[in-house]
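The structure under discussion appears below in the form of structure tokens.
2 protein chains.
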Amino acid sequence: MNKQQLFENIKKKQSFLCVGLDTDIKKIPEHLLKEEDPIFAFNKAIIDATQDLCIAYKPNLAFYESMGVKGWIAFEKTVNYIKQNYPDQFIIADAKRGDIGNTSAMYARTFFEELDIDSVTVAPYMGEDSVTPFLTYKGKWVILLALTSNKGSHDFQLTMDVDGERLFEKVLRKSQQWANDENMMYVVGATQGRMFEDIRKVVPNHFLLVPGVGAQGGSLEEVCKYGMTKECGLIVNSSRGIIYVDKTENFAAASRKAAQEVQAQMAEQLKAIL
Amino acid sequence: MNKQQLFENIKKKQSFLCVGLDTDIKKIPEHLLKEEDPIFAFNKAIIDATQDLCIAYKPNLAFYESMGVKGWIAFEKTVNYIKQNYPDQFIIADAKRGDIGNTSAMYARTFFEELDIDSVTVAPYMGEDSVTPFLTYKGKWVILLALTSNKGSHDFQLTMDVDGERLFEKVLRKSQQWANDENMMYVVGATQGRMFEDIRKVVPNHFLLVPGVGAQGGSLEEVCKYGMTKECGLIVNSSRGIIYVDKTENFAAASRKAAQEVQAQMAEQLKAIL
Numbered sequence: 000m001n002k003q004q005l006f007e008n009i010k011k012k013q014s015f016l017c018v019g020l021d022t023d024i025k026k027i028p029e030h031l032l033k034e035e036d037p038i039f040a041f042n043k044a045i046i047d048a049t050q051d052l053c054i055a056y057k058p059n060l061a062f063y064e065s066m067g068v069k070g071w072i073a074f075e076k077t078v079n080y081i082k083q084n085y086p087d088q089f090i091i092a093d094a095k096r097g098d099i100g101n102t103s104a105m106y107a108r109t110f111f112e113e114l115d116i117d118s119v120t121v122a123p124y125m126g127e128d129s130v131t132p133f134l135t136y137k138g139k140w141v142i143l144l145a146l147t148s149n150k151g152s153h154d155f156q157l158t159m160d161v162d163g164e165r166l167f168e169k170v171l172r173k174s175q176q177w178a179n180d181e182n183m184m185y186v187v188g189a190t191q192g193r194m195f196e197d198i199r200k201v202v203p204n205h206f207l208l209v210p211g212v213g214a215q216g217g218s219l220e221e222v223c224k225y226g227m228t229k230e231c232g233l234i235v236n237s238s239r240g241i242i243y244v245d246k247t248e249n250f251a252a253a254s255r256k257a258a259q260e261v262q263a264q265m266a267e268q269l270k271a272i273l
Numbered sequence: 000m001n002k003q004q005l006f007e008n009i010k011k012k013q014s015f016l017c018v019g020l021d022t023d024i025k026k027i028p029e030h031l032l033k034e035e036d037p038i039f040a041f042n043k044a045i046i047d048a049t050q051d052l053c054i055a056y057k058p059n060l061a062f063y064e065s066m067g068v069k070g071w072i073a074f075e076k077t078v079n080y081i082k083q084n085y086p087d088q089f090i091i092a093d094a095k096r097g098d099i100g101n102t103s104a105m106y107a108r109t110f111f112e113e114l115d116i117d118s119v120t121v122a123p124y125m126g127e128d129s130v131t132p133f134l135t136y137k138g139k140w141v142i143l144l145a146l147t148s149n150k151g152s153h154d155f156q157l158t159m160d161v162d163g164e165r166l167f168e169k170v171l172r173k174s175q176q177w178a179n180d181e182n183m184m185y186v187v188g189a190t191q192g193r194m195f196e197d198i199r200k201v202v203p204n205h206f207l208l209v210p211g212v213g214a215q216g217g218s219l220e221e222v223c224k225y226g227m228t229k230e231c232g233l234i235v236n237s238s239r240g241i242i243y244v245d246k247t248e249n250f251a252a253a254s255r256k257a258a259q260e261v262q263a264q265m266a267e268q269l270k271a272i273l
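Protein chains in written order, with numbering that gives the first Met the number 0: chain A, 0 to 273; chain B, 0 to 273.
Rendered as structure tokens:
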């Protein structure tokens, strides 16, 4: 999927919502545990209930890996289900991978070749040759960590170098030598508020994947105020705030309602540019 | 396994070699492809042929994930095989994970609880709360990326801050507030040569996991000269240089020979401290 198609989907759905599929066997409704594959059954219900309200799904690999082989089966089934039934959805493998070249190439093969997923989140610490193997697949995206939503983002990402550049800014600037706004996005946490202004100084046109609204406390309004571009430029993720709002047999309808509320707020914000 | 036990194993085997199990279906001997699980068959043969010459095995998750469900099965079988047959081996899940707290906790559950692996490599970019969930398991280790072996290590890891501290030094220093030399090690690439001197100024007693000898061109002698402590303090990994030296039916014997050569060099280096 290219940038223009993504923007078209945003306009059509009046939404830039990504639903995070952080599916934890310990948190899903109890009645699903008697299903053959409870994780997939949960995801399928959530996807069917929210697909017209969002433009992306983000399975978080940690949650699937924690289930071992069963988890991988559920992950693959989820990806295939989205691709077959809702092919306009942008799929993000939230994996935060990154390793020496030949190893990153193997991760890229997994996500882009074997699973044909649109994008994967990548950690920048190991530099250029840990990221570029992910950039060799046409139509696929790297979503590079820049300024994350957690408290620990202050430990290293804000460190200022001798030239007055902070680490996250250096990541944004340097990585533009490897890629452009048609094959790279950046993770910027919704909790970072006004820092979106500084981000936009370095990457005025790139899409940003924004986790951290909802459970983590970020504000959608603030993110839009400081981070939105003429082509939206934002994919805002919500995981726990949508998928775990209800633990009864009505969980999917409840998730839909939660997604509708976010989508309505997003439609309001989109008025500024549409 | 604690630090003292690791050192005892090093003394007993006169080796601080870790064999990296970067097992790629495209690189293993062809005759193995008719086995039910070629990846596990290859690993089993390599492990049986090298176990008395090394103190650790490091399966690289990327290579298993690229095979999807089959890869995970091979990974789990490999870990269980080592644990059952060679329980004195230190197992490293080379995964380079790291995410917000609840997600890192899921990765920790996978590697430490489900698979009972000794250690996992972790990327520091997201800071304290992305690392600490891995530190809640008694007897388990975090191996944090500090100064990696690849060219891209220069992109961000060497960036000097306004106080004259380079990023990898900040990672070493700050992370000591979260852990100590009984539950944390650091990845330092063998290609970094004299930089081991600078590393030892900040972490004089920690074990270092050192990839990059062999295929990547690092020198064992130099690593030992600048990085070895009184308790060795080094686990030196070789992957391609040991597991892919021969593609015939004799591959395991050839790998053993390659491991023997490295072990002999290590025994020589250990004379300095034993």
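Where is the CB? At the ideal position from N, CA and C, for every residue including glycine.
- When only Cα atoms are considered, residue 15(B) and residue 118(A) end up about 39 Å apart.
- Nearest to residue 211(B) by alpha-carbon distance, out of 148(B), 59(B), 267(B), 192(B), is 148(B).
- In the three-state scheme derived from DSSP, where H, G and I count as helix and E and B as strand, residue 60(A) is classed as helix.
- Between residue 196(B) and chain A, the shortest Cβ-Cβ separation is not below 9 Å.
- The beta carbon of residue 80(A) sits closer than 8 Å to the beta carbons of 39, 42, 43, 46 from its chain, once the five residues preceding and following it are set aside; these are given in chain order.
- Per DSSP, residue 140(B) is one residue of the beta strand (DSSP E) stretching across 140-146.
- When rounded, the separation of the alpha-carbon atoms in residue 129(B) and residue 191(B) is 26 Å.
- Note on geometry: alpha-carbon atoms of residue 104(A) and residue 248(A) lie some 42 Å from one another.
- Using beta-carbon distances, residue 77(A) does not count as an interface residue toward chain B, since no partner is under 9 Å.
- By the Cβ test, the segment 131-139 of chain B is not in contact with the segment 110-127 of chain A, since fewer than three Cβ pairs between them sit closer than 8 Å.
- For the pair residue 143(B) and residue 29(B), the Cα-to-Cα distance works out to about 36 Å.
- For residue 118(B), there is no enclosing alpha helix (DSSP H); the residue is found in the beta strand (DSSP E) stretching over 118-121.
- In its chain, beyond the 5 residues on either side, 117, 118, 182, 183, 184 have a beta carbon closer than 7 Å to the beta carbon of residue 140(B).
- Each residue's CA atom was taken as its position, placing residue 263(A) and residue 5(B) some 58 Å apart.
- Secondary structure at residue 53(B): coil, using DSSP grouped into helix, strand and coil.
- Among the bridge pairs identified by DSSP, residue 247(B) is matched with none.
- For residue 82(A), no Cβ of chain B is located within less than 9 Å of the residue's own Cβ.
- Look at the beta carbons and you see the segment 93-110 of chain A touching the segment 92-99 of chain B: at least three pairs across the two are nearer than 8 Å.
- Taking 8 Å as the upper bound on Cβ-Cβ separation, chain A lies near residues 147, 148, 149, 150, 151, 152, 153, 154, 155, 156, 158, 159 of the segment 146-159 of chain B.
- Proximity of residue 37(A) to chain B, defined by a Cβ-Cβ separation below 9 Å, is not satisfied.
- DSSP places residue 150(A) outside any alpha helix (DSSP H), giving it a letter other than H or E.
- Of the other Cβ atoms in all chains shown, fewer than 16 fall within 10 Å of the Cβ of residue 138(A); this residue is therefore exposed.
- When DSSP reads this structure, residue 236(B) sits in a beta bridge with 17(B).
- One Cα belongs to residue 65(A), the other to residue 270(B), and the distance between them is close to 43 Å.
- Rounded to the nearest whole angstrom, the CA to CA distance from residue 1(B) to residue 20(B) is 23 Å.
- Within the segment 126-148 of chain B, the residues whose Cβ lies closer than 8 Å to some Cβ of chain A are 126, 127, 128, 129, 130, 144, 147, 148, listed in chain order.
- Residue 90(A): not part of any alpha helix (DSSP H); member of the beta strand (DSSP E) spanning 89-96, first to last residue.
- Sorting 102(A), 121(A), 227(A) by C-alpha distance to the C-alpha of residue 273(A) places 227(A) at the top.
- Rounded to whole angstroms, the Cβ separation of residue 169(B) and residue 155(A) is 7 Å, and the two are in contact under 8 Å.
- Boundaries for residue 212(B): no alpha helix (DSSP H) harbours it, and the DSSP string shows neither H nor E there.
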